[in-house]
Structures are given as structure tokens and as C-alpha cells.
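A short worksheet on the structure shown next.
There are 2 protein chains.
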Amino acid sequence: MPEFLHLTPPEDALDRFMKTWSGPESITATQIETEDALGRVTAGDISAPHPLPPFPRSTVDGFALRAEDTHGATPSLPAYLEIAGEVHMGTTAEINITSGQAAIVHTGGMIPPGATAVIMLEDTQQLNEGEIEIHKAVAVGENILVEGEDVKRGEVVIPRGTLLRAQEIGGLLALGYTKILVAKRPRVGILSSGDEVVPPSHKPTPGQVRDINSYTLAALVERSGGRPIRRGIVADDRASLESAALESFQEDDIVLITAGSSVSARDITVEILAGLGEPGVLVHGLAIKPGKPTILALAGNKPLIGLPGNPVSALVVGGLILPPILRRMLGLAEAIWSPEIPARLTVNIASQSGREDYQPVRLIASGDGTLAEPIYGRSNLIFTLVRADGLVRIPADANGLPAGEEVIVRLF
Amino acid sequence: MPEFLHLTPPEDALDRFMKTWSGPESITATQIETEDALGRVTAGDISAPHPLPPFPRSTVDGFALRAEDTHGATPSLPAYLEIAGEVHMGTTAEINITSGQAAIVHTGGMIPPGATAVIMLEDTQQLNEGEIEIHKAVAVGENILVEGEDVKRGEVVIPRGTLLRAQEIGGLLALGYTKILVAKRPRVGILSSGDEVVPPSHKPTPGQVRDINSYTLAALVERSGGRPIRRGIVADDRASLESAALESFQEDDIVLITAGSSVSARDITVEILAGLGEPGVLVHGLAIKPGKPTILALAGNKPLIGLPGNPVSALVVGGLILPPILRRMLGLAEAIWSPEIPARLTVNIASQSGREDYQPVRLIASGDGTLAEPIYGRSNLIFTLVRADGLVRIPADANGLPAGEEVIVRLF
Numbered sequence: 000m001p002e003f004l005h006l007t008p009p010e011d012a013l014d015r016f017m018k019t020w021s022g023p024e025s026i027t028a029t030q031i032e033t034e035d036a037l038g039r040v041t042a043g044d045i046s047a048p049h050p051l052p053p054f055p056r057s058t059v060d061g062f063a064l065r066a067e068d069t070h071g072a073t074p075s076l077p078a079y080l081e082i083a084g085e086v087h088m089g090t091t092a093e094i095n096i097t098s099g100q101a102a103i104v105h106t107g108g109m110i111p112p113g114a115t116a117v118i119m120l121e122d123t124q125q126l127n128e129g130e131i132e133i134h135k136a137v138a139v140g141e142n143i144l145v146e147g148e149d150v151k152r153g154e155v156v157i158p159r160g161t162l163l164r165a166q167e168i169g170g171l172l173a174l175g176y177t178k179i180l181v182a183k184r185p186r187v188g189i190l191s192s193g194d195e196v197v198p199p200s201h202k203p204t205p206g207q208v209r210d211i212n213s214y215t216l217a218a219l220v221e222r223s224g225g226r227p228i229r230r231g232i233v234a235d236d237r238a239s240l241e242s243a244a245l246e247s248f249q250e251d252d253i254v255l256i257t258a259g260s261s262v263s264a265r266d267i268t269v270e271i272l273a274g275l276g277e278p279g280v281l282v283h284g285l286a287i288k289p290g291k292p293t294i295l296a297l298a299g300n301k302p303l304i305g306l307p308g309n310p311v312s313a314l315v316v317g318g319l320i321l322p323p324i325l326r327r328m329l330g331l332a333e334a335i336w337s338p339e340i341p342a343r344l345t346v347n348i349a350s351q352s353g354r355e356d357y358q359p360v361r362l363i364a365s366g367d368g369t370l371a372e373p374i375y376g377r378s379n380l381i382f383t384l385v386r387a388d389g390l391v392r393i394p395a396d397a398n399g400l401p402a403g404e405e406v407i408v409r410l411f
Numbered sequence: 000m001p002e003f004l005h006l007t008p009p010e011d012a013l014d015r016f017m018k019t020w021s022g023p024e025s026i027t028a029t030q031i032e033t034e035d036a037l038g039r040v041t042a043g044d045i046s047a048p049h050p051l052p053p054f055p056r057s058t059v060d061g062f063a064l065r066a067e068d069t070h071g072a073t074p075s076l077p078a079y080l081e082i083a084g085e086v087h088m089g090t091t092a093e094i095n096i097t098s099g100q101a102a103i104v105h106t107g108g109m110i111p112p113g114a115t116a117v118i119m120l121e122d123t124q125q126l127n128e129g130e131i132e133i134h135k136a137v138a139v140g141e142n143i144l145v146e147g148e149d150v151k152r153g154e155v156v157i158p159r160g161t162l163l164r165a166q167e168i169g170g171l172l173a174l175g176y177t178k179i180l181v182a183k184r185p186r187v188g189i190l191s192s193g194d195e196v197v198p199p200s201h202k203p204t205p206g207q208v209r210d211i212n213s214y215t216l217a218a219l220v221e222r223s224g225g226r227p228i229r230r231g232i233v234a235d236d237r238a239s240l241e242s243a244a245l246e247s248f249q250e251d252d253i254v255l256i257t258a259g260s261s262v263s264a265r266d267i268t269v270e271i272l273a274g275l276g277e278p279g280v281l282v283h284g285l286a287i288k289p290g291k292p293t294i295l296a297l298a299g300n301k302p303l304i305g306l307p308g309n310p311v312s313a314l315v316v317g318g319l320i321l322p323p324i325l326r327r328m329l330g331l332a333e334a335i336w337s338p339e340i341p342a343r344l345t346v347n348i349a350s351q352s353g354r355e356d357y358q359p360v361r362l363i364a365s366g367d368g369t370l371a372e373p374i375y376g377r378s379n380l381i382f383t384l385v386r387a388d389g390l391v392r393i394p395a396d397a398n399g400l401p402a403g404e405e406v407i408v409r410l411f
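Written out as C-alpha cells, the structure is:
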């Protein structure tokens, strides 16, 4: 059976896949330590068990007082207040401030009851142990963080489906959440097929090449929030590939095959993926370079992906397809802002109309802004990407891009 | 002793620090599995033990032949060639192609000796088991990847000081490097000081707050290639802080203290850092908001950093200062392109001239490009950053930025 590709524009392909796929039935949650949760996704809404700050705090070093006691105060006509005591850091303020009184407070310290404002140290003059001059008027609430100013009790502070960064970890710990429910990382079974492929630790004989896709795709899966399950190298015959794909289908949440590079190997891959269940193959062939021989399929609710055997193609197309699929499996609510750098092309880039091209480029800092220099490799060899900082997308309706053109470089 | 800050512009401060600091005497290397090396930095030049590809390969499915045998061939006036055999994937091509002969080859397969080009399957017609028609002329080298086209034997393919991404992992494995020497991750001792600070697992009494800086800074250190050593919460008295700082100084590569937020706590911090050795404190106070009370110091060759106790200030300034210091310690040769997104401000942002402001913003996708909406929090509370996607830098010489202004948002 010969290969027969209907080339679909990448966006349409992903769109068709996402519309047919109903997504996971539910997000499997797992409890982990909050301090280990960087890069994970919340599996439920998180609300504040208490307000933040939990008590009124001073934002400066100075004196807590009643604002009305400072009205009209200037350096030449100061107000005079009695020092009623000091609020020590980490302690409950127990001094009750009445009219004519002030208490020493430190940045972050608790505001004593009765006080309505804090005057900064530099706007005062201490006369003796028990008395200060006030050189400036302060308004009610000045230099005070009120209870709940950051977060109110019961407020949903981190909704389900949030990617946890350093600040979310901090916010959770500030609320006392030392453990947290996150989405389990989806298992992505990675099969590398090809009779010519040997493990990296082997010395290839002429005609053989080392497996690298298993490892580069594992890195990509990991970076996108998944758990890569490397299932090794499978021979390019139907029986071996079929049993390896079935095992992955039974155990993993996504089946990912990088096909052998020959047409017959790719034909076997598409037949095997189609055979795993309905609705089967949704997309076979993308109008994209590199990455044309890509397969998107579903068996029941489980995504099945066939990527080209060429390492650059696999990494470029994998980088377009895997993140949105994993995002949905993780229940990630918001779009992730992917890192991009605006730059200007150093030379013309040719491209074929009707096909989206992804051109590896190197970024060069110049006095005149950032420049993007295409890295050419005749056949998408892995070191083309080693020399590149990112990719420039050339739209399907463009006939190349001219030198000097402003482009957006998607960083790897 | 009162606090006395000379506010230095952040760039000048970092510049002064980097010029005074000679950097690490040498990069400590450690050998790890290549497949675990994502995000690590090479500790030595890596050169190719063999060329890549290691043998001439076909880039298409077709027939390997001598180019001159196809000269003048067209569909109406085809050339006729004898099929001398097939090169199976993963095997050494042993058929010697002579004039008038062709061999079946698959994409990625080895080019048999004697052949100088490959014709694509679709430009041929098989007549019988032993003979094909050639419908098109091919040039010498057409559809062939020559040996060493990606990488030559002995070529330095990954220089020392390279950050390893998915493609470098792939490139290393393609060359058979299953283990690799990388720079050891610098130990960053993180001390959190403050009498009001309690561990996240404790229920704070009024006046106390939970430690979050230890954790957010640990995440930042980890993301920047360092190894965070959380040294816990230290009381705001000289003896405790001095002994904790000394222990970190003796065991870690960088000492990082987030100071208690009161002036006296910050004074103790600067004195203790100054006391660890010469040249001592280089910068005390940055012309930046948030993050003014920052300390950059050196004891011998060891960086000592004092960050503000405010969690947002610590994270913003830490994000500016730690990555370049860790980069030098790791021997990272090239600048890292930090992820940025161009966007337009939704509203005016006020700022004070003479001070660099970092304003947290939320990104909003709109039909009209990406918008950046400032997130205001009166006193830099942690959930201000939870609600933000990145920071907009407002230069010291600007008096705020107007609505509609094109800005670059640095993603967290």
C-alpha cells in the first residue's frame, strides 16, 4: 500500500484534532510537597484559609499613631506625642494607642490597636526616651497594609489549571499550604522505529545510525509537563511495531511513534495507529517543512501521534503538537505565553507558497537591535538545531521573507 | 549605626560587581549521563569522534545510480537501467554500481559504492523485476547527504560553556557520548532572617508571617542553574546571623541572605556580609523599585548577596542579579536570550525619574496584538506576582510610560 498524504495546514490539523478529541475524562490528581511543585499544574481551586496579610502591618520603620494627632504638624510647628512602647517584630502588638500616644513599629511589624497610621522615622525627631516631635501630617491608613489587602479569607487565589511558578509556590506557602494537589503528569510512550536505528551506547556499523529521537522527544515531553516513557527501538516490521504500540496504548496516556524514515516504514506506522481503535487517523501529512509525514490519530479518547524519523522534523513538529495536547491533558486553563524574541532577518529566506516553513535561526545582538541569521542545513541534520537559537515561521501564503524583515523568533 | 544607602543604578551596580569579581578560579566539572543533562552547561569542548552522517545517505526513497546514466532522460525518452539489488535499511551497501545499473535505496539508507546520485521513486517506472525507466536527469550528488555533511571528524561541535537543550542532547547521543562532563551546579546558601518569620508549616501567631523567600529564591536559583541550599530561618540578632552566614560562607559558593525588613535588621546584614572578608560591600542600595535595599559584596572570590525581605522585591531583584552571577560560575559562554513578549500598555504607568521601575503586568491576547495590563499592589504583595505574567522595565530617565506604548515584557 503506497503512502498517500493529504497535506493539511498545521493549524487546521491541530484544530481538527482538538475538536474531535474530547480531552481526558477527568484530571488525575496527585498530592505533592509544594516546594517540589515548580512547573506542575493545580488540580483544584485553591482558596485562602485566612486573609493575607493576616494582621495590619506597617510598610515602613516609624511610629504608629492616630492620624488626627498629626494634623497641621510641620518641622517648625511640630506635634508632640508620648512614646507608649515598641512593637517588636514577630510579636502581637498589645499596646493600645490612645490620643497623644505613638508606638515604635518596624517595617512588617503589627499595627497596635487604636493606631490609624504610621509616620516614617525621618519625619520625626526623638526628644527623649519618652517623647517625639512629629514634623508632618499623615492621613488615615498611611503606611499601613490592612488585613486582607493582598488576599481575602475564602478568596480563590489560585484557580485549578494554573501552572505553578516561583511566585505561586511562595503564595501557597504564605497561606500554609505545604502540600498541594496537582495534575498527574500524563505518560507519553515514546517508540523509535527503524531497522537502521541502534541505541546511543552502540557503535553503529556503516548503514546504521544512533537513536536520538527517543531522547530529544523525552526532553520535549518533560519540558511540556508530561512524563516520558522511553519504550526503546522497535524493528520496522509490522508484528514488532504492532505489539510495542499496543503495549504503549494499554499503559500510556499518549502513544508517540517516530517512524522509520522510509515510505514503507511510515505506511506500517499509519496502519498500526489506525488499527488501535476508532475514530483512527484524523490527519496524515502536514503542509509544513520540516515535518510533512506527521500523523494525528485517536483511539477512543487516547491521542496517537506519528512523527517523522528525521530528528529535526521530529523536534520541530513535536514542539508544535505536543504542548497543546499535554496542556489539555493537564487541565491547564490559560494559554502559555511562549518565549519569543523580535528580530530582523540578515538575509532573504526562500520558501514554497502553500506550505508553512520553520527556519532555524541564530540570534545576533547588534547595536541596531537583534538580528536573526538563518542556519542552513541541506537536510535538517541535528547540528543545524544545535547551532540555532530558535525558529522563524514563514506563513503558507508568503513567498519567502526579505532581508531586513521584522520576524518573531520562537526560542527553543 | 543607621542605614545609609548610596543608590546605584542596577546596571552600574552589576557592572561594578562583575568587574571587581574575577569569577571562579576554575569550573568544577562532574560527569553525568547525557540523557540527564538537560539544562546543564558543558565543562569542556566536545569534538566529533567520527563524521556525521558517518556514511553517505539517501535523502529520498528511490534508486542510487551514476548521474551520467540519466543525462537527457525524459518521460518520452527514458533511460533504461538494470536493478542491481536493494540496500536494506541498517545494512552496509555492498552492491558496486557500475554504468547502466541502479540499486533500490530508502530514505536514510546507505549509498552503494559507485553511485553518484539518487533518483526519486516518482521519477522512475519499474518495467519488470530487473529493469527501470528513468524519466528525469539527476545531477551528481543529488538527493545524497555526503559523509560529514553535518559534522566533520574532530570538529568542535559543542564548545565548553554551552547550555544543553534537547538538540544538544540529541547531537551528543548521535556521536555516541552517553556520558558528559558538565559544570557542577554552584551551591547557593539561602538564609532567611527576621524575628517575625516562621516556617510555612507553622501557624503564625498575630505579628508573625510565614517564610516564603527561601522557597521562591530556591526556585529561582534552580531555574538559573544553581543548587539551592536552604539554610532555614535565622533570628535577627548579630550572633545567630553571623554564625549562620559563616557556615554558609564556608560550605557554599554563593551566600544569599534575605534580610529582615526593618532597618536595624538590614544594618546587621550589611555589617555581617562586610565582616566575611575583603573587598567587602561593593554596592549597598539600588536605584530600583522594587528592590532598593540590595547588597552586593565579595569576600575573597565569593559572592555575597543581601536581598530585601519583601517577597516581591527579593524575587524581582534576585531575578536580575542571580542569573548573570550563576552564568559566570557555570562558565556559560554565551548570553542567554531571555524570553520576552512585545506588547502595548493598556493604561499609563507612573514612575519616578532617576529610578528604574519594574512593573508587574498581565498579558492579554487581543485582535490588535498583545496587551500588557499593569497589576497594582500597594506594597508588593506576593499575589501581585501570582496575577502577573511578567515585568515591564521603566527606564530611570523616563517619567512613566503612556497608554498604548510598545513595551517588552520579560516573562517570569
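Residue numbers (numbering that gives the first Met the number 0), protein chains in the order written: chain A, 0 to 411; chain B, 0 to 411.
Beta carbons are placed, not taken as given, at the ideal position from N, Cα and C, and that holds for glycine.
Since the structure is predicted, the reported quantities are computational estimates derived from the model, not experimental observations.
With contacts defined as CB atoms closer than 8 Å, T383 of chain A and A342 of chain A fail to qualify as a contacting pair. Taking CB atoms only, D149 of chain A has a neighbour in chain B less than 8 Å away.
Taking every protein chain shown into account, the CB of G366 of chain B has fewer than 16 other CB atoms within 10 angstroms, so this residue is exposed. For V406 of chain A, the secondary structure class from DSSP, reduced to helix, strand or coil, is strand. Proximity of chain B to W336 of chain A at the Cβ level (cut-off 7 Å) is accounted for by I340, L362, D388, L410, in chain order.
For Q125 of chain B, no alpha helix (DSSP H) run applies; the uninterrupted beta strand (DSSP E) run containing it begins and ends at 123-127, by DSSP. Per DSSP, the beta-bridge partners of H283 of chain B are B:I294.
For D122 of chain B, the nearest beta carbon of chain A is not closer than 8 Å to its own beta carbon. Proximity of chain A to E404 of chain B at the Cβ level (cut-off 9 Å) is not reached, the minimal Cβ distance being about 15 Å. In this structure, the alpha-carbon of A371 of chain A lies about 16 Å from that of E333 of chain B. Secondary structure at M88 of chain B: coil, using DSSP grouped into helix, strand and coil. The residue from B:G284, B:I363, B:V220, B:R327 with its alpha-carbon nearest to that of L314 of chain B is B:V220. For a Cβ distance threshold of 9 Å, nothing in chain A lies close to V315 of chain B: the least Cβ distance comes to about 10 Å. Between F411 of chain A and G389 of chain A, the gap from beta carbon to beta carbon is short of 8 Å.
Residue burial annotation: T29 of chain B is exposed, with fewer than 16 other C-beta atoms found within 10 angstroms of its C-beta. When Cβ-Cβ separations below 8 Å define contact, D14 of chain A makes no contact with chain B.
The alpha carbon of I211 of chain B has as its nearest neighbour, out of B:E24, B:L380, B:A12, the alpha carbon of B:L380.
In this model, P359 of chain B and N309 of chain B are separated by some 15 Å (Cα to Cα). Contact between V59 of chain B and M119 of chain B holds, since their C-beta atoms are separated by about 5 Å, short of 8 Å. Taking C-beta atoms as the reference points, D251 of chain A and I287 of chain A fail to come closer than 8 Å. By the neighbour-count definition (other C-beta atoms within 10 Å, threshold 16), S312 of chain A is a buried residue. Boundaries of the alpha helix (DSSP H) harbouring V385 of chain B: 381-385, taken from the DSSP string.
Residues N300 of the same chain have their beta carbon placed closer than 8 Å to that of S21 of chain B, with the five preceding and five following residues left out of the count.
CA-to-CA, the gap between T106 of chain B and V262 of chain A works out to about 8 Å. Out of B:G279, B:V316, B:A349, the CA that lies nearest to the CA of E10 of chain B is found in B:V316.
Under the 8 Å criterion on CB atoms, I94 of chain A is classed as non-interfacial with respect to chain B. Using a Cβ-Cβ cut-off of 8 Å, V156 of chain B counts as an interface residue toward chain A, since at least one Cβ of chain A sits closer than that to its own. Here the region 82-94 of chain B lies against the region 180-194 of chain A, with 3 or more beta-carbon pairs under 8 Å apart. Taking the beta carbon of D266 of chain B as reference, no residue of chain A falls within 9 Å; the closest one sits roughly 11 Å away.
At a Cβ-Cβ threshold of 8 Å, I45 of chain A and Y214 of chain A do not count as neighbours.
Interface annotation for the region 53-64 of chain B against chain A: P53, F54, R56, T58, D60, criterion Cβ-Cβ distance under 9 Å. Residues of the same chain with their beta carbon placed closer than 6 Å to that of E277 of chain B are lacking, with the five preceding and five following residues left out of the count. For a cut-off of 8 Å, the C-beta gap from I110 of chain B to L64 of chain B is around 10 Å, too long to register as a contact. At the C-beta level, I131 of chain A and I82 of chain A come within 8 Å of one another. Contact of Y214 of chain B with chain A is assigned, a C-beta pair being separated by under 8 Å. Each residue's CA atom was taken as its position, placing P50 of chain B and E141 of chain B some 20 Å apart.
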